[in-house]
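Residue numbers (this note's numbering), protein chains in the order written: chain Y, 1 to 322; chain V, 323 to 644; chain R, 645 to 919; chain D, 920 to 1194. Glycine included, each C-beta is placed from N, C-alpha and C at the ideal position. Only one structure is covered here, and it is reproduced in the block below.
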Amino acid sequence: MTTLAFPGADTVEAREELERDRRPRVDKRMAAAEAIRRFVSDGDVIAVGGTNHARTPMALLGEVLRQGRRELSLVRPLTCFESELFIATGMASKVVTSWVGIGHGWGLARVLREYVESGQVTYEEWSHLGVGLRFKAGAMGVPFLPSYTMMGSDLGRQLDLAAVDCPYTGQSLNAVPSLNPDVALIHVQRADVHGNAQIDGYELMDADIARASRRLVISTEEIVDTDSLRLDPARTTIPGFAVDAVVLQPMGAYPHECYGHYLADEEAFREYMDAVRAAGSQGAREYVEALVSHPDHDSFMASVPPHRLEKLKADAKGMMPR
Amino acid sequence: MTTLAFPGADTVEAREELERDRRPRVDKRMAAAEAIRRFVSDGDVIAVGGTNHARTPMALLGEVLRQGRRELSLVRPLTCFESELFIATGMASKVVTSWVGIGHGWGLARVLREYVESGQVTYEEWSHLGVGLRFKAGAMGVPFLPSYTMMGSDLGRQLDLAAVDCPYTGQSLNAVPSLNPDVALIHVQRADVHGNAQIDGYELMDADIARASRRLVISTEEIVDTDSLRLDPARTTIPGFAVDAVVLQPMGAYPHECYGHYLADEEAFREYMDAVRAAGSQGAREYVEALVSHPDHDSFMASVPPHRLEKLKADAKGMMPR
Amino acid sequence: MTTVDERRLAAQRGLDPRPDEIMTISASRLLEDGKVMFAGIGQPLVAAALARRRHAPNLTVILEGGMVGIHLMPGELPDSTNEMRAAIGAEMLTTATDIFLMAQRGFFDYGFLGVAQIDMHGNVNTSLIGDPERPSVRLPGPGGANDIISMCNETVIVTNHEPRRFVERVDWVTSPGYLTGGDARREAGLRHGGPSWVVTDLALLDFEEETRRMRLRGLQPGVTVEQVVAATDFELVVPDHVDVLDPVTAEELALMRHLNGETDQSAENGEHRAE
Amino acid sequence: MTTVDERRLAAQRGLDPRPDEIMTISASRLLEDGKVMFAGIGQPLVAAALARRRHAPNLTVILEGGMVGIHLMPGELPDSTNEMRAAIGAEMLTTATDIFLMAQRGFFDYGFLGVAQIDMHGNVNTSLIGDPERPSVRLPGPGGANDIISMCNETVIVTNHEPRRFVERVDWVTSPGYLTGGDARREAGLRHGGPSWVVTDLALLDFEEETRRMRLRGLQPGVTVEQVVAATDFELVVPDHVDVLDPVTAEELALMRHLNGETDQSAENGEHRAE
Chain Y
1 MTTLAFPGAD TVEAREELER DRRPRVDKRM AAAEAIRRFV SDGDVIAVGG
51 TNHARTPMAL LGEVLRQGRR ELSLVRPLTC FESELFIATG MASKVVTSWV
101 GIGHGWGLAR VLREYVESGQ VTYEEWSHLG VGLRFKAGAM GVPFLPSYTM
151 MGSDLGRQLD LAAVDCPYTG QSLNAVPSLN PDVALIHVQR ADVHGNAQID
201 GYELMDADIA RASRRLVIST EEIVDTDSLR LDPARTTIPG FAVDAVVLQP
251 MGAYPHECYG HYLADEEAFR EYMDAVRAAG SQGAREYVEA LVSHPDHDSF
301 MASVPPHRLE KLKADAKGMM PR
Chain V
323 MTTLAFPGAD TVEAREELER DRRPRVDKRM AAAEAIRRFV SDGDVIAVGG
373 TNHARTPMAL LGEVLRQGRR ELSLVRPLTC FESELFIATG MASKVVTSWV
423 GIGHGWGLAR VLREYVESGQ VTYEEWSHLG VGLRFKAGAM GVPFLPSYTM
473 MGSDLGRQLD LAAVDCPYTG QSLNAVPSLN PDVALIHVQR ADVHGNAQID
523 GYELMDADIA RASRRLVIST EEIVDTDSLR LDPARTTIPG FAVDAVVLQP
573 MGAYPHECYG HYLADEEAFR EYMDAVRAAG SQGAREYVEA LVSHPDHDSF
623 MASVPPHRLE KLKADAKGMM PR
Chain R
645 MTTVDERRLA AQRGLDPRPD EIMTISASRL LEDGKVMFAG IGQPLVAAAL
695 ARRRHAPNLT VILEGGMVGI HLMPGELPDS TNEMRAAIGA EMLTTATDIF
745 LMAQRGFFDY GFLGVAQIDM HGNVNTSLIG DPERPSVRLP GPGGANDIIS
795 MCNETVIVTN HEPRRFVERV DWVTSPGYLT GGDARREAGL RHGGPSWVVT
845 DLALLDFEEE TRRMRLRGLQ PGVTVEQVVA ATDFELVVPD HVDVLDPVTA
895 EELALMRHLN GETDQSAENG EHRAE
Chain D
920 MTTVDERRLA AQRGLDPRPD EIMTISASRL LEDGKVMFAG IGQPLVAAAL
970 ARRRHAPNLT VILEGGMVGI HLMPGELPDS TNEMRAAIGA EMLTTATDIF
1020 LMAQRGFFDY GFLGVAQIDM HGNVNTSLIG DPERPSVRLP GPGGANDIIS
1070 MCNETVIVTN HEPRRFVERV DWVTSPGYLT GGDARREAGL RHGGPSWVVT
1120 DLALLDFEEE TRRMRLRGLQ PGVTVEQVVA ATDFELVVPD HVDVLDPVTA
1170 EELALMRHLN GETDQSAENG EHRAE
């Protein structure tokens, strides 16, 4: 085999890379700027944790926008407006997902539509489980997994998925190729300095994404003692040995939501959508310009009226089961 | 395909069975005697939850011994003396596992050895991951999963495992056949009347076993309100729609351990091993005879000196993280 | 059955159902008690909440974000299948991938889908309009829809009945129905499930067993066969006799609006407790 | 390096190491700080605990029961890899299958195995003695061993050095080493890992790069090459020069016994805190 149909699908090579670049148990804390500088390169396939507006690693993505990268591919099961920021600025040339929309009743993703419809960005459409199994195969260290997903549909045909026959039953299924992304960005509720991380509420695909990826940067609402993880170890979703960098970043998913910490800021969605409705992709670029004019996420957060943030936090806490 | 190399590996048929025999959300509580009578038949492949001496469904297994069955196959990742009770009484004709031993420094499983060495029972040896992937494939509804497990070894050769080639990379791996056991018996810490069940501490392979199995009987240390599950839903491991019967059975893993509730009773291990050392498989049969002379597990538990049980419970509670 | 009193009551209140409300209520009636439903946001979730309140209190609702047995609070139905509001109060939370793997195993009785286009064999398009290589409209895509219709035991499709949606051939098969009809779905390797019902503002439809062509099964009250045929841009199978569906009752409508958080005070009955 | 004082101290206390203690301590010295070790019960766990106390405080220890980063309490090391005592205090608990899948991905630096038989190419038998069709002894079987040696980045084998264990050809390949030597392991599809070291009460051995034959690399103090050769029932590769391993120190021995819960009061140093 010389060229793979699906970039990032060679688990043998991904493992050899992992064996070369071990992640020993050290203090992995660093600023977002350093983590992104060290672990995100031009041309990377980036797996974005969370889904839609849930636990999106917005601070880390903002730092990528701040530093600037080229020819990125963004992979995410369900995609929200964060992808548009990369498309409109020309940093992403490809989006791999099962769904793109803004949510909250905002309807279609206008910038993405514009770029896809005019052929300026490559849009690779997978089923939701297809994206999930790509990460799962990568996490399991195998080059493919069999599934019914996308059989008979134009998705499977367009992607040129191969069939695989069960050697015991003869049943033919789709072979979903593995994916070991170049780097993953994931936001969590808490982690220790080694990167052992706990996720509250919905995990989505983040455990598989973390293990599949060749490099992993996590941002976390808080850093905790390792011993505190031992009180509820079943909640630890990401083992430290999979982690390259731990970025302490309160409000790290803002303006998206972080389970148990804050809801999504619908007003920020409105600001973004108003800009896009008024000026199309230029509106998105202006949004990015305003965002990256802040030296970091903390400084961006300081620009948001505190009462808005307090309400998002109070509403989230008020919803928690008791 | 007429005959399958691996019984229970046809996921299409297992699913058709599931569609025929739905498990609507009703009150599924029943006594162990009724659950075993309804859901365990002669000739069944039984998946036994837990591993070794951890959260073994001893009360449910005891009820199978009490009622008596023939030609059973027992499947378990790591097997303890419970398998010997079925072998010595002639109820099990096959053991499928990666390991058999008594643990606690008791060394080899003497009765199993005797029966395997004399060819009276079929012993099917798999790798630990091999057993795990059989259940996982069954739980995922696919007929096989690719893995490095057992490649190059006599295990894979003896089992006549087939290779499967990745259609993208060309890499050849072992195809591990799925398993949808006829019935699974699993012991948990808590469940609601619908069978939504939470497991504390080690889950082992029980989530996959529960979903793979065609019928599922769970025993539980306590029955709780559904609303109490909502306080920590990430701990719910078995969804009610996978469950056929819920048996309220405190001390349901005794004399094995149940995380957070009681440790294994080493004295009971000694009694069993003394009987086996003294009289071989006849000792195991006498152990079963004494066990099934009690009409149910509660009555068996009443025969154990209370101070022993209190100590096992206190020691377990004393170990819990705080 | 609707009583005269209820109709009068509805009329008095000016509670005429909108087309989307008729669809949601019709869909909710299909849901049997004790079963498991893979739901999406919007109409499916409202239909589920309504069924749970009326005739199916033991319906288990699943969301693709990993939620099993979700809590449906009147007026606070979630905006997304992947958010805190959807997760709080669930009986079980697992991973997103795991939800679809449970579907693949066969645990889910119903899937629910909306469509941009649907064809005579129940194939669904939610990806694009126009030439697939250079679409004139890029739509959100499958999300979970491809997997839902491929893996759930049956899939109910809920959509407005318009010629631009009911097309001879969808521009893109996002989510496979019966493909080219007959045994084509099974021959493509999809051994289970498929679209069972299509619920619209005009009618209830299913698929003929042999040909797997879409068939008219019931008319919404006041709708004619001709209207349905005119709103469908392919040849429907129309039996000699087609039943008229039970009309939406005032009680269904009021309860649905209450669950949906609409500020119709007449629908409020003082209680605001969780489902 | 052992100081004279320590040796004298050990002699005074009658602390001569037993063969299994020599092996455990030799194995512990191979473990580097910051790495990840897939451990079994008994010697591997004691070796891990010792390494963590001495030179590898950041060694992460994994157990097949789903435990990641376990807590090693002196005198309370678990009896099983699948029990409460092993799970309490772990940094992460996941499923048993998941542990092996993490191994398959390549996250684990070291595996540790014991053997009933091992052959010249590092193949391991823990399944049976005699004719596979009708074994004269049925042993416990692989447990996690087949997967560990197939998937960990390297695997350390710890065993007593006896001719009945070091055999020309194992009766049964439970856990694959280099199979028939050379590239055979790779050709069989095992692209990663393999046995790296064999630690015995007599010697430290590895595998020659080209042939993948077992090679003598170090002698336990007081042991001769001839003794090792005599205890090995196949032809070892013996280099011209073989180093003598550092002797077990009194400090290592005392600490190891303390961790192992042996009631040697002289080994107690008053602290009984967790690792």
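Measure the C-alpha to C-alpha separation of residue i and residue j and round it to an integer number of angstroms.
i                       : j                       : result
residue 1054 of chain D : residue 441 of chain V  : 9 Å
residue 195 of chain Y  : residue 501 of chain V  : 36 Å
residue 494 of chain V  : residue 300 of chain Y  : 50 Å
residue 152 of chain Y  : residue 834 of chain R  : 8 Å
residue 329 of chain V  : residue 399 of chain V  : 17 Å
residue 273 of chain Y  : residue 79 of chain Y   : 15 Å
residue 1001 of chain D : residue 233 of chain Y  : 15 Å
residue 296 of chain Y  : residue 56 of chain Y   : 17 Å
residue 931 of chain D  : residue 1169 of chain D : With a pLDDT of 49 at residue 931 of chain D, under the threshold of 50, the modelled position of this residue cannot be trusted; read the value that follows with caution. Their Cα atoms are separated by approximately 10 Å.
For residue i, which of the options has the nearest alpha-carbon?
i                       : options                     : result
residue 338 of chain Y  : Y:108, Y:260, Y:130, Y:184  : What the structure shows of chain Y is the stretch from 1 to 322, and residue 338 of chain Y is not part of that stretch, so it cannot be assessed.
residue 1011 of chain D : D:980, D:994, D:1040, D:999 : D:980
residue 312 of chain Y  : R:728, R:776, R:808         : R:728
residue 282 of chain Y  : Y:85, Y:166, Y:58, Y:53     : Y:85
residue 765 of chain R  : R:835, R:828, R:670         : R:828
residue 1111 of chain D : D:1132, D:1144, D:1067      : D:1067
residue 701 of chain R  : R:708, R:713, R:707         : R:713
residue 61 of chain Y   : Y:114, Y:249, Y:280         : Y:249
residue 63 of chain Y   : Y:284, Y:177, Y:97, Y:217   : Y:217
residue 447 of chain V  : V:468, V:467, V:479         : V:479
residue 87 of chain Y   : Y:70, Y:149, Y:53, Y:34     : Y:70
Between residue i and residue j, how many whole angstroms is the CB-CB distance? I'm expecting something under 8 Å.
i                       : j                       : result
residue 243 of chain Y  : residue 111 of chain Y  : That belief does not hold up - the Cβ atoms of residue 243 of chain Y and residue 111 of chain Y are roughly 32 Å apart, past 8 Å.
residue 109 of chain Y  : residue 101 of chain Y  : 6 Å
residue 1164 of chain D : residue 1124 of chain D : Their Cβ separation, rounded to whole angstroms, is 11 Å, which puts residue 1164 of chain D and residue 1124 of chain D out of contact at 8 Å.
residue 962 of chain D  : residue 1033 of chain D : 7 Å
So residue i contacts chain D; which residues on that side make the cut at Cβ distance below 8 Å?
i                      : result
residue 581 of chain V : 1003, 1006
residue 438 of chain V : 1054, 1057
Can you pull the chain D residues whose beta carbon is under 7 Å from the beta carbon of residue i, in chain order?
i                      : result
residue 25 of chain Y  : 953, 977, 979
residue 239 of chain Y : 987, 1011
residue 380 of chain V : Under the 7 Å cutoff, chain D gives no residues; its nearest Cβ is about 15 Å from residue 380 of chain V.
residue 421 of chain V : 1059, 1060, 1061, 1062
Can you list, in chain order, the residues of its chain whose CB lies under 6 Å from that of residue i, leaving out five sequence neighbours each side?
i                      : result
residue 985 of chain D : 1012, 1013, 1014, 1015, 1018
residue 867 of chain R : 846
residue 182 of chain Y : 44, 45, 214
residue 896 of chain R : 669
What residues from chain Y crowd round residue i, counting only those whose CB sits closer than 8 Å?
i                      : result
residue 361 of chain V : The premise fails here: residue 361 of chain V is roughly 25 Å from chain Y at the closest Cβ pair, so nothing lies under 8 Å.
So with CB distances below 7 Å, who are the chain Y contacts of residue i?
i                       : result
residue 1021 of chain D : 211
Residues of chain R with CB under 7 Å from residue i, in chain order?
i                      : result
residue 52 of chain Y  : 724, 726
residue 153 of chain Y : 790, 817, 818, 819, 820
Less than 7 Å between C-beta atoms, sequence neighbours within five positions excluded: which residues of the same chain meet that for residue i?
i                       : result
residue 1150 of chain D : 1080, 1081, 1082, 1085, 1121
residue 291 of chain Y  : 62, 65, 300
residue 134 of chain Y  : 176, 177, 178, 179
residue 52 of chain Y   : 78, 80, 103
residue 231 of chain Y  : none
In chain order, what residues of the same chain lie with their CB nearer than 8 Å to the CB of residue i, ignoring the 5 residues before and after it?
i                       : result
residue 1174 of chain D : 969, 972, 973, 1186
Applying a beta-carbon distance threshold of less than 9 Å, which residues of chain V neighbour residue i?
i                      : result
residue 830 of chain R : In chain order: nothing, as chain V lies at least about 11 Å away.
Starting from the beta carbon of residue i, find every residue of chain R whose beta carbon is closer than 9 Å, and list them in chain order.
i                      : result
residue 472 of chain V : Under the 9 Å cutoff, chain R gives no residues; its nearest Cβ is about 23 Å from residue 472 of chain V.
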